[in-house]
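First up is the structure itself, then whatever we jot down about it.
Number of protein chains: 2
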Amino acid sequence: MRRMTARPANAHQARLLRLLRDHGPNSRAQLGDRIDLSRSKLAVEVDRLLETGLVVADGLAASRGGRRSHNVRLAPALRFLGIDIGATSVDVAVTNAELEVLGHLTQPMDVREGPVAVFEQALALAGKLKASGVAEGFDGAGIGVPGPVRFPEGVPVAPPIMPGWDGFPVREALSQELGCPVMVDNDVNLMAVGEQHAGVARTVRDFLFVKIGTGIGCGIVVGGEVYRGTTGSAGDIGHIQVEPDGRPCACGNRGCLEAYFGGASLARDAEAAAREGTSPELAARLAAAGTLGAPEVAAAAAAGDPVALDLIRTGGSRTGQVIAGLVSFFNPGLVVIGGGVTGLGHTLLAAIRTQVYRQSLPLATNNLPIVLGELGQAAGVTGAARLISDHLFSPA
Amino acid sequence: MRRMTARPANAHQARLLRLLRDHGPNSRAQLGDRIDLSRSKLAVEVDRLLETGLVVADGLAASRGGRRSHNVRLAPALRFLGIDIGATSVDVAVTNAELEVLGHLTQPMDVREGPVAVFEQALALAGKLKASGVAEGFDGAGIGVPGPVRFPEGVPVAPPIMPGWDGFPVREALSQELGCPVMVDNDVNLMAVGEQHAGVARTVRDFLFVKIGTGIGCGIVVGGEVYRGTTGSAGDIGHIQVEPDGRPCACGNRGCLEAYFGGASLARDAEAAAREGTSPELAARLAAAGTLGAPEVAAAAAAGDPVALDLIRTGGSRTGQVIAGLVSFFNPGLVVIGGGVTGLGHTLLAAIRTQVYRQSLPLATNNLPIVLGELGQAAGVTGAARLISDHLFSPA
DNA sequence: CGACTTTCTCCCGTGTGAGGACAAAGCTCC
DNA sequence: GGAGCTTTGTCCTCACACGGGAGAAAGTCG
Numbered sequence: 014m015r016r017m018t019a020r021p022a023n024a025h026q027a028r029l030l031r032l033l034r035d036h037g038p039n040s041r042a043q044l045g046d047r048i049d050l051s052r053s054k055l056a057v058e059v060d061r062l063l064e065t066g067l068v069v070a071d072g073l074a075a076s077r078g079g080r081r082s083h084n085v086r087l088a089p090a091l092r093f094l095g096i097d098i099g100a101t102s103v104d105v106a107v108t109n110a111e112l113e114v115l116g117h118l119t120q121p122m123d124v125r126e127g128p129v130a131v132f133e134q135a136l137a138l139a140g141k142l143k144a145s146g147v148a149e150g151f152d153g154a155g156i157g158v159p160g161p162v163r164f165p166e167g168v169p170v171a172p173p174i175m176p177g178w179d180g181f182p183v184r185e186a187l188s189q190e191l192g193c194p195v196m197v198d199n200d201v202n203l204m205a206v207g208e209q210h211a212g213v214a215r216t217v218r219d220f221l222f223v224k225i226g227t228g229i230g231c232g233i234v235v236g237g238e239v240y241r242g243t244t245g246s247a248g249d250i251g252h253i254q255v256e257p258d259g260r261p262c263a264c265g266n267r268g269c270l271e272a273y274f275g276g277a278s279l280a281r282d283a284e285a286a287a288r289e290g291t292s293p294e295l296a297a298r299l300a301a302a303g304t305l306g307a308p309e310v311a312a313a314a315a316a317g318d319p320v321a322l323d324l325i326r327t328g329g330s331r332t333g334q335v336i337a338g339l340v341s342f343f344n345p346g347l348v349v350i351g352g353g354v355t356g357l358g359h360t361l362l363a364a365i366r367t368q369v370y371r372q373s374l375p376l377a378t379n380n381l382p383i384v385l386g387e388l389g390q391a392a393g394v395t396g397a398a399r400l401i402s403d404h405l406f407s408p409a
Numbered sequence: 014m015r016r017m018t019a020r021p022a023n024a025h026q027a028r029l030l031r032l033l034r035d036h037g038p039n040s041r042a043q044l045g046d047r048i049d050l051s052r053s054k055l056a057v058e059v060d061r062l063l064e065t066g067l068v069v070a071d072g073l074a075a076s077r078g079g080r081r082s083h084n085v086r087l088a089p090a091l092r093f094l095g096i097d098i099g100a101t102s103v104d105v106a107v108t109n110a111e112l113e114v115l116g117h118l119t120q121p122m123d124v125r126e127g128p129v130a131v132f133e134q135a136l137a138l139a140g141k142l143k144a145s146g147v148a149e150g151f152d153g154a155g156i157g158v159p160g161p162v163r164f165p166e167g168v169p170v171a172p173p174i175m176p177g178w179d180g181f182p183v184r185e186a187l188s189q190e191l192g193c194p195v196m197v198d199n200d201v202n203l204m205a206v207g208e209q210h211a212g213v214a215r216t217v218r219d220f221l222f223v224k225i226g227t228g229i230g231c232g233i234v235v236g237g238e239v240y241r242g243t244t245g246s247a248g249d250i251g252h253i254q255v256e257p258d259g260r261p262c263a264c265g266n267r268g269c270l271e272a273y274f275g276g277a278s279l280a281r282d283a284e285a286a287a288r289e290g291t292s293p294e295l296a297a298r299l300a301a302a303g304t305l306g307a308p309e310v311a312a313a314a315a316a317g318d319p320v321a322l323d324l325i326r327t328g329g330s331r332t333g334q335v336i337a338g339l340v341s342f343f344n345p346g347l348v349v350i351g352g353g354v355t356g357l358g359h360t361l362l363a364a365i366r367t368q369v370y371r372q373s374l375p376l377a378t379n380n381l382p383i384v385l386g387e388l389g390q391a392a393g394v395t396g397a398a399r400l401i402s403d404h405l406f407s408p409a
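So, in structure tokens, the structure goes:
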């Protein structure tokens, strides 16, 4: 089918499209309640959107006590592609215009294989999704990469864990391949956006999303908008020092948070404990799985293994120490913990909470919820879809 | 004289007033270059502003090669009052509409004496300035207080160093006393705004202003706007932990930055060194002055006293450690160091820079200037005047 | 079946703002 | 000193966005 090329012609239309995206099909009258426009103006703009095909009629609405209203909705054929490139995996999902995930595929993959190989995989996954019938084409794509991005150009800059990506024109290249508009952002920022759109952060305007995956990063949302910093590296908290003259870190410094916690360190520490024989539980799982990761540590902890529990507690405590500092500085309304290590669950969360509530001042922590993200794997791809939809649903 | 009561009627007028404030007297034609309005529209809005009296004619402009233009400027009689309440002093200044300081008075004073006593002093200083002839009345006042503020209401909340101020209706009370609009903010935020308006931060949109005075705080500017956090306590970095299980701090925790550095700690450490005899230089100055503070330590350091130098270096290093974390997190375009301890000058700055450049990642520090503020004492009051002028020069 | 409510459409009046035409004022070069 | 060009200021007109009223259409409720 022919893909949509229309864009909202003015701010009102953009506003309407976003309302329809966030609240689903709606009658003109209901739209009128949510937007500050006269009925005549509203009708004109909706008609124009209908003409462009971005919006279609959707039957009659339930009566609110009088004449029944005609519903409108975003074109049901609209499809967004969300791509979340992690350090060790690629997630690809297809959403409709309301950003509901219609199909989602994951594949393990090392980001260090470089942009060409990774895109090949991502496009293959997108192709599979197409073949499965959830989409015939894409009207836009959002993509998250595990490193800093020069946002306006959509180009990774000096990404430490993904050499070979530096300066690669991700946006340009992907747009060419897919034949649709593309926006690029840091993967953690997109997870934050995802939780903001469809997860726990729906009602908060200023919050932090702390991702603990292979590395540790933080998405910063200020006034409902992602804050990216001057060079796009805001939220890079994995290399904040938690231990003066501590463990050496891959970045060249000592005592970084990531040297103590995060997927990579956790795996290393767990395997060391298994080998040294301090934890038979972990040793058994290492023998069984051949390698240890967050899931194995979580299972060992659930089984009551004290070493595994201790790993989680000290790691959570160190993370909490950093978050406590950020909370004092940033005074957010919510802190969301996400990423692969969330499987560690309540033990981790409790350790983080303890540390934050103890170290930060009361005024900042009084009404500060610290919670796990509720979207899990879908956070990144949802955020990616949201990113491109925000872009497309804004005045041209 | 009768004070101005007019306010801009729309966003265009507000925009024009701010242009005239920030760029001084200007011709209509030049205004047209800076604002995106047709000449006719511009003329109408300027005429309306002239009618209200907020703007007055100001002679002819130099020719730009054709017909000479008529200048306009903000009413020369407009006066803003800037009040900066520090932990140990009160600063009061009067500015014109272009925010140039016309008179500035300082008085030592302990903020713990409570709002009533402090306001009495501040109003007395304002009265003196009036008597000196720089103002006949005030069209608006901005005031900074050394603690968190619920900004919309202009009320301090749970300020740790100023008990007795909690919930005191500062804005309300001062507005009553002065008979003009008043806005209240945290003093560090206002210093940041001051440096943004007239100091080193004029061209940056995202920056941090770190004040090292009696305590240590941080003003956060995001996209040109002060970020205050969910409860108004953003930037409260004095109680970030720098030393696990370190020195006890007044806040109840251990190892806080303020327990190691800032005016209070510096004075304590310097006096201890003087008494213990490790530094004859400091001992001599203690004997002479009766007490030690940042100026004495600075003088001793300048005289080459190793103990004083060491105090500054370790303090700066600890501060740098915290700033390094903030830089990784926030990725600012500039870090400004201000407050009473800037007298410590280059030694302090060097210590901070060393630590930040060593600990933060290259991408965040590559083009990151770390500089001393250039407004000194005037930063707070300038920021206060800017605060209220922003408020008054915005659509009603 | 009638009274009331809600929704939708059409139409008109108003106000805003862009842009062109033209006059006024000043510069520059001959 | 004047011709020609540039810049500035003023006036006028045209297009259009927007709000709100009138009234028709479609439903609900008693």
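Keeping their order, the protein sequence lines are chains A and B. Going by my numbering, the first sequence opens with residue 14, and the numbers climb by one from there. Going by my numbering, the second sequence opens with residue 14, and the numbers climb by one from there. Yeah, the Cβ is synthetic: ideal placement off N, Cα and C, and Gly gets one too.
In the structure shown, aspartate 152 of chain B adopts coil according to DSSP, grouped into three states.
Straight through space, the alpha carbons of leucine 295 of chain A and glycine 212 of chain B are spaced by roughly 58 Å. The alpha helix (DSSP H) runs of length 4 or more contained entirely in the region 15 to 55 of chain A are, from start to end of the chain, 24 to 36 and 41 to 47.
Flagged as an interface residue toward chain A: glutamine 254 of chain B, by a C-beta distance shorter than 8 Å. With a contact defined as Cβ atoms closer than 8 Å, glycine 207 of chain A and arginine 399 of chain A qualify at about 7 Å.
Judged by DSSP in its simplified three-state form, asparagine 202 of chain A adopts helix. With a minimum length of 3 residues, the unbroken runs of beta strand (DSSP E) contained wholly in the region 293 to 376 of chain B fall at 348 to 351. Spatial neighbours of glycine 358 of chain B in its own chain (CB-CB distance under 8 Å, excluding positions within 5 residues in sequence) are listed in chain order as Ala311 and Leu385. Judged by pairs of C-beta atoms under 8 Å, the region 297 to 311 of chain B touches the region 271 to 281 of chain B, as three or more such pairs exist. In chain B, no part has a C-beta under 9 Å from the C-beta of leucine 203 of chain A; the shortest such distance is about 17 Å. Counting along the chain, the unbroken beta strand (DSSP E) around arginine 86 of chain A starts and ends at 83 to 87. Taking 8 Å as the CB threshold, glutamine 372 of chain A lines the interface with chain B. Contact annotation for asparagine 199 of chain B against chain A: no contact, minimum CB-CB distance about 11 Å [criterion: below 8 Å]. Of the residues assessed, glutamate 126 of chain B falls on the exposed side of the cut-off, its CB having fewer than 16 other CB atoms within 10 angstroms. At a Cβ-Cβ threshold of 8 Å, valine 255 of chain B and glutamine 334 of chain B count as neighbours.
In the three-state scheme derived from DSSP, where H, G and I count as helix and E and B as strand, valine 223 of chain A is classed as strand. Annotation for valine 201 of chain A: Phe222, Lys224, Gly230, Cys231, Gly232 and Gly248 place their beta carbon closer than 7 Å to its own, counting only its chain and skipping 5 residues before and after. Taking the beta carbon of serine 53 of chain A as reference, no residue of chain B falls within 9 Å; the closest one sits roughly 23 Å away. If you ignore the 5 residues before and after glutamate 284 of chain B, its C-beta comes within less than 7 Å of the C-beta of Leu299 and Leu305, all in its own chain and listed in chain order. Per DSSP, reduced to three states, the secondary structure at glutamine 390 of chain A is coil, with no helix or strand assignment. Secondary structure note for glutamine 189 of chain A: its alpha helix (DSSP H) is the uninterrupted segment 183 to 191. Inclusion of valine 197 of chain A and glycine 167 of chain A in the CB contact set at 8 Å is warranted, their separation being smaller than that value. For tyrosine 240 of chain A, the nearest beta carbon of chain B is closer than 8 Å to its own beta carbon. Restricting attention to B:Leu67, B:Asp152, B:Leu376 and B:Arg20, the CA atom closest to the CA of glycine 346 of chain B is found in B:Leu376.
Nearest C-alpha to alanine 74 of chain B among B:Lys54, B:Gly351, B:Ile48 and B:Pro38: B:Pro38. C-alpha of asparagine 379 of chain B to C-alpha of valine 340 of chain B: approximately 11 Å in a straight line. Residues of the region 168 to 192 of chain B with a Cβ closer than 7 Å to any Cβ of chain A, in chain order: Val170 and Ala171.
With a threshold of 8 Å between beta carbons, asparagine 23 of chain A makes no contact with chain B.
Under the DSSP assignment, valine 129 of chain A falls outside any beta strand (DSSP E), being part of the alpha helix (DSSP H) whose first and last residues are 128 to 144. Nearest to alanine 186 of chain A by alpha-carbon distance, out of A:Thr216, A:Gly160 and A:Gly155, is A:Gly155.
Judged by DSSP in its simplified three-state form, glutamate 284 of chain A adopts helix.
Taking C-alpha positions only, alanine 337 of chain A is separated from valine 369 of chain A by approximately 4 Å. DSSP places tyrosine 240 of chain B in the uninterrupted beta strand (DSSP E) bounded by 238 to 240. Glutamine 390 of chain A has a beta carbon lying at 8 Å or more from every beta carbon in chain B. Beta-bridge partners assigned by DSSP to cysteine 262 of chain A: none are found. Considering only A:Arg92, A:Ala70 and A:Gly78, the residue with the shortest C-alpha distance to valine 85 of chain A is A:Ala70.
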